[in-house]
Amino acid sequence: MSLKIGLAGATGALGKEILAVLHEAPWRPDRVVALASPSTSVPFVEYGEEQVPVDDLEMQALEDLDALLLAVPPAVARATGERAVAVGVPVIDCSGVFADDPGIPLLIPWVNPEALGDLPSQVVVALPSPSATLLASVLGVLRRAGVRGEVDATVFLPASVFGRDGMEELSAQVIALFNQRTPPRRVFDHGLAFDLVPQVGPVDDDGWSEVEVRAEHELRRLIGLLEPASITVVGVPLFSGISASVHLRTPEPVDPDLVARILRDGGAVLPKATGARYLPRPRGVNAQPFVHVGRVRRDPSGKGLHLWVALDNLRGSAAIAVATTGAVLERLGLLDS
17 MSLKIGLAGA TGALGKEILA VLHEAPWRPD RVVALASPST SVPFVEYGEE QVPVDDLEMQ
77 ALEDLDALLL AVPPAVARAT GERAVAVGVP VIDCSGVFAD DPGIPLLIPW VNPEALGDLP
137 SQVVVALPSP SATLLASVLG VLRRAGVRGE VDATVFLPAS VFGRDGMEEL SAQVIALFNQ
197 RTPPRRVFDH GLAFDLVPQV GPVDDDGWSE VEVRAEHELR RLIGLLEPAS ITVVGVPLFS
257 GISASVHLRT PEPVDPDLVA RILRDGGAVL PKATGARYLP RPRGVNAQPF VHVGRVRRDP
317 SGKGLHLWVA LDNLRGSAAI AVATTGAVLE RLGLLDS
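First residue of the sequence shown? That's 17 in the numbering used here, and the numbers climb one at a time after it.
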């Protein structure tokens, strides 16, 4: 069956990763329509060995698309998504703008496939934030195996979570500081290069940031978490690669070796040998769509576990976006199972 997939934000950091994953998908679409804002200066993007022209997102007719992926900023994504839905085109939202809308599934296909349910005629499916994606990919596997408990996690957020603008500003800040010039601070108001950001974005009356509250809410939706959970999000001066230190407080003692086997069987990658050099680091997981887990340790209290987890957030989000698109197309009868 001939498929025509639209990609809004094809010139961005996530858009380029989605194109790379789409090219390798078992159901590789025959045609990709690359879309970007009128201000883009990129005339073509690569799709396998093809050079695909970049069309104006605002002027493009959407009716003949089989699906539209949104990898644009939220301010642009909602209007574009609503325009696509109005003409009957399924939308896979990677921007997060639809994630809190009632009735719209939040999905990681290998974590909560049941969320698709019976799709309505007007289809929008949302992807979770990178923080929730990382945590759910590990904690969801453990919950299905009966390992449950209270969650306390610190997530380290790279510049790529803020898109190409974030990556470019981090690079410009590094160069400026090396040359003793004033660094640009449009994306990161207080700087990021050679530093940490202990509070990412505005906070509520209790001091929790919007990013942290969203991650907790999405984690609960994705894995059915009922126990108490706290998530602290810290900005780090890395271009890509999200990581977290996770403390899972279980009501009964849990064998770390058993947990490692459960995670490995659930698709996580664990170190091939002991020693610090084999532990997952943001650079070491580059271009891999899988969650990597290391330092699986028993809590000193005897109950609970400590884990270190890492993921290439761009490649991981792209893999989820493509898998979700395939699942939606299959559910709608547009793709052979």
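Glycine residues also receive a C-beta, built at the ideal position from the N, C-alpha and C atoms.
Touch check for the stretch 57-69 and the stretch 87-97: three-plus C-beta pairs under 8 Å?
no
Write down the C-beta distance between G310 and T266 rounded to the nearest angstrom, noting that I regard them as a contact closer than 8 Å.
Actually they are not in contact, since the Cβ atoms of G310 and T266 sit about 19 Å apart, beyond 8 Å.
How long is the line joining the alpha carbons of D82 and V70, rounded to whole angstroms?
18 Å
Could you round the C-beta distance between Q76 and V49 to whole angstroms and report it? I think they count as a contact, below 8 Å.
7 Å
Check whether the stretch 316-331 and the stretch 242-259 touch, using three or more Cβ-Cβ pairs below 8 Å as the test.
yes
Nearest-angstrom beta carbon gap, A148 and E228 [assumed within contact, 8 Å]:
So it is not a contact: roughly 11 Å between Cβ atoms.
Can you look up H206 in the DSSP assignment and give me helix, strand or coil?
coil
So which of R44, E40, S57 and L19 has the shortest CA-CA distance to A26?
S57
So G31 is in the beta strand (DSSP E); what residue range does that whole segment cover?
Run containing G31: none in the beta strand (DSSP E); it sits in the alpha helix (DSSP H), A29 to E40.
Output needed for V107: all residues of its chain with C-beta closer than 7 Å, excluding positions within five of it in sequence on either side, in chain order.
L84, L86, G97, A100, V101, V139 and V140
Touching or not, the stretch 298-306 and the stretch 118-131, by the rule of three or more beta carbon pairs under 8 Å?
no
To the nearest angstrom, how far is it from the Cα of A95 to the Cα of L51?
14 Å
Which same chain residues end up closer than 7 Å to A47 when comparing Cβ atoms and leaving out the 5 residues on each side of it in sequence?
Per the sequence shown, the amino acid found at residue 47 is Arg instead of Ala. Excluding residues within five positions, the ones whose Cβ falls inside 7 Å are K20.
Going by beta carbon distance, what residues of the same chain come within less than 6 Å of T341, once the five residues before and after it are set aside?
A83 and I108
Mapping DSSP to helix, strand and coil, what is L241?
coil
Is it buried or exposed, S111, if we count other Cβ atoms within 10 angstroms and call 16 or more buried?
buried
For R164 versus L158, is the C-beta spacing smaller than 9 Å?
yes
Can you list, in chain order, the residues of its chain with a C-beta nearer than 8 Å to that of V344? Leave out the 5 residues immediately preceding and following it.
A83, P106, I108, L132, L135, V139 and V141
Taking V167 as the reference, which of L286, A152, D181 and E33 has the closest Cα?
A152
Quick one: what's G22 bridged to in DSSP?
V49 and L84
For V312, which option in Q304, V275, I336 and L348 has the closest C-alpha, if you only look at C-alpha atoms?
V275
So which of G182, T170 and S18 has the shortest CA-CA distance to L30?
G182
Determine which residues share a DSSP beta bridge with D168 and list them.
S246 and H263
Exposed unless 16 or more other CB atoms sit within 10 angstroms - verdict on S145
buried
List the DSSP bridge partners of F60.
P69
In this structure, does DSSP put L345 in helix, strand or coil?
helix
Please indicate yes or no: does the CB of E185 lie closer than 8 Å to some heavy atom of the ligand MN?
The ligand MN is absent from the structure shown, which contains no ligands of any kind.
On the three-state DSSP scale, how would you describe G251?
strand
Pair within 9 Å by beta-carbon distance, G104 and V127:
no
Residue(s) in a DSSP beta bridge with W324
S261 and G310
Straight-line gap, E74 to I239 (C-alpha atoms, nearest Å)
36 Å
Count the other C-beta atoms from every protein chain shown that fall within 10 angstroms of the C-beta of I191, then say buried if there are 16 or more, exposed otherwise.
exposed
Enumerate in chain order the residues of its own chain whose CB-to-CB distance from L245 is below 6 Å, with the five nearest sequence positions on each side excluded.
Here residue 245 is Ala; the residue named in the question, Leu, does not match the sequence. V167 and E232, listed in sequence order.
When the Cα atoms are used, what is the spatial distance from L23 to A339?
14 Å
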